[in-house]
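Just so we're aligned, residue 10 is where the sequence shown starts under this note's numbering, counting upward by one. Before any comments, here is the structure.
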Amino acid sequence: MQTAKLFISFSDLMEVKLNLDKECSLDNNDVIIYSIYLPNFMDLKADLVQFLNAKELIKAERFYKEIDQNRFIIYRSILKFILAAHTKLEVKNIDLDYHLNKKPYLASHPWLHFNISHSEDFAAIAVSYKKVGIDIEYMSGDFDFTNILPDIFDDNEIFEIKNAFNKKQAFYTSWTRKEAFVKALGKGIDEDFKYIPCLDGQHNIDSILLKNKEDWQMYSFALTEHYLGAVAFEGSSAVCKNLMHCSMPNTMKDLLEMTQMRNG
């Protein structure tokens, strides 16, 4: 049986400030996580919606609640600003294609990998030259997860959650890890979800399960006090990745400058 290695741990993200005077660049070992505090962008919705194409506008209209429509408009348009900054394309020329598994990609720049996650008031976008997946979750105090544990986790994982000092954090840590990893693989939640490892340490996984022969790394991180995240990406743990976090600016001037400096 051919196996791939998966290393799992926690990480303190390296905080970096978006430098509008410097080209947005990635090294081979970089993973940049851009966070978006959605309430800070609500006043920009009328400007941001101008950067969405007809298909994206139709998708926005499908959301039943106005708040969800607005959130989609914000994080989808800002995703396009970020991709424009990394590719030197015009924002309005960013047109996402989709794999059969519905994972978005840029056909013009297939080597630039990205993934997005959103939960309540936050969205997060991971960008890398390696396949990458990200998940963030608001750690709700009202959610009773006890009954769903057997459907999602194996016996060892359930034991760890039930015996953790902070059971809520242990649940969301394990959940976001599995979710980030299957998003990186492009698998989605399927019958294999339960068998994706999520506990700290190094794991050997059947390559058939992954449909992928590469080694992987996965790290949990605290976005804020109430939001927990995980990011998964290709690569051996022997190769150190630069995990960086950048908060997106919430003015049109800065967003436009972010791309104009790269495209000028």
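Here a beta-carbon is modelled for each residue, glycine too, at the ideal position from N, C-alpha and C. All values derive from a computational prediction rather than experimental measurement.
Limits of the alpha helix (DSSP H) - the one that residue i falls within
i	result
Met267	261–272
Val191	176–194
Asn165	164–171
Asp160	158–161
Own chain residues within Cβ distance below 7 Å of residue i, not counting five before or after
i	result
Ile205	Lys187, Phe190, Val191
Ser216	Gln11, Thr12, Ala13, Lys222
Tyr46	Asp130, Phe131
8 Å CB neighbourhood of residue i in its chain, flanking five on each side removed
i	result
Asp77	none
Ile167	Leu158, Pro159
Met148	Lys177, Gln178, Tyr181, His235, Tyr236, Leu237
Asp106	Pro113, Tyr114, Leu115, Ala116
Gly244	Asn38, Lys139, Glu223, Asp224, Trp225, Gln226, Lys250
Asp209	Ile17, Ser18, Phe19
Glu70	Gln78
Burial state of residue i, where buried means 16 or more other Cβ atoms lie within 10 Å
i	result
Lys274	Residue 274 lies beyond the range of the chain shown here (10 to 273); nothing can be said about it.
Met267	buried
His108	exposed
Tyr236	buried
Val25	exposed
Leu252	buried
Asn156	exposed
Glu75	exposed
Ala193	buried
Lys262	exposed
Asp144	buried
Glu200	exposed
Ile67	exposed
Arg80	buried
Ala55	exposed
Trp120	exposed
Ala63	exposed
Run of the beta strand (DSSP E) containing residue i, from where it starts to where it stops
i	result
Thr12	12–19
Asn251	251–256
Asp151	That residue, Asp151, is in no beta strand (DSSP E); it is neither H nor E in DSSP.
Asp39	39–46
Cβ neighbours of residue i in the same chain (closer than 6 Å, five flanking residues each side left out)
i	result
Gly273	Note on Gly273: pLDDT 41, under 50, position unreliable in the model; no value is reported.
Pro48	Asp130
Ile103	Lys89, Leu92, Ala93
His118	Thr96
Arg137	Note that residue 137 corresponds to Ser in the displayed sequence, not to Arg. Around Ser137: Val40, His122, Phe242.
His212	Leu15, Pro206
Val58	Ile82
Ser126	Ala133, Ile143, Asp144, Ile145
Leu265	none
Rounded Cβ spacing between residue i and residue j (contact assumed at less than 8 Å)
i	j	result
Ala133	Gly238	6 Å
Phe123	Val141	7 Å
Cys207	Ile17	7 Å
Leu61	Ile83	Contact doesn't hold; Cβ gap of about 10 Å is too wide.
Phe230	Leu22	5 Å
Ser44	Tyr228	Not really, about 15 Å apart at Cβ, beyond 8 Å.
Phe162	Lys203	7 Å
Asn259	Phe50	5 Å
Val240	Ile87	Contact doesn't hold; Cβ gap of about 18 Å is too wide.
Near the ligand GTP: residue i beta-carbon under 7 Å from a heavy atom
i	result
Ser34	In the structure shown, the ligand GTP is absent, as is every other ligand, since no ligand is present at all.
Fully enclosed by the region 53–138, which beta strand (DSSP E) runs are 3 residues long or longer? When DSSP assignments are scanned along the region 53–138, the uninterrupted stretches of beta strand (DSSP E) that are 3 or more residues long and fall wholly within it turn out to be 122–128, 131–137.
Taking only runs of the beta strand (DSSP E) that begin and end inside the region 199–248, which ones reach a length of at least 3 residues, in chain order? Within the region 199–248, the complete beta strand (DSSP E) runs of at least 3 residues fall at 210–215, 225–231, 236–243.
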